[in-house]
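K.L.:
Under the working numbering, residues -14 to 68 are what the sequence shown spells out, in order. Ideal Cβ placement from N, Cα and C applies to all residues, glycine included.
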Amino acid sequence: MSIKRKEHDMHNRFDYMGPNMFLMFLIPLVILLMVGLSIYMINKNNNENRGDKESALDILDKRYANGEINEEEYLKKKKTIKH
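1. Does the beta-carbon distance from residue 63 to residue 42 come in below 8 Å?
2. For the alpha helix (DSSP H) that residue 61 lies in, which residues bound it at each end?
3. Taking Cβ positions, are residue 59 and residue 45 nearer each other than 8 Å?
4. Which two residues bound the contiguous alpha helix (DSSP H) that contains residue 47?
5. For residue 49, I'd like the list of residues in its chain whose CB is within less than 6 Å of its CB, leaving aside the five on either flank, ordered along the chain.
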């Protein structure tokens, strides 16, 4: 009778852990998916915004072309930007 009881107890332990084992893997998986999706969305957003911005050299070129700065000032600032 004691052998039967041990088998019965072991069977109940495995039955009890079944849903817990599922949740033990499901919850971290959901958390990882949420973190991964967040990182993806942040990177996607940052990459889209970078394309819209002008570089400092582009702005300097426009200012020189519009006559806002003279050649000496243009060359001095261009050297500073490139270094």
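P.N.:
Let me spell this out:
1. yes
2. 56 to 67
3. yes
4. 41 to 50
5. 59
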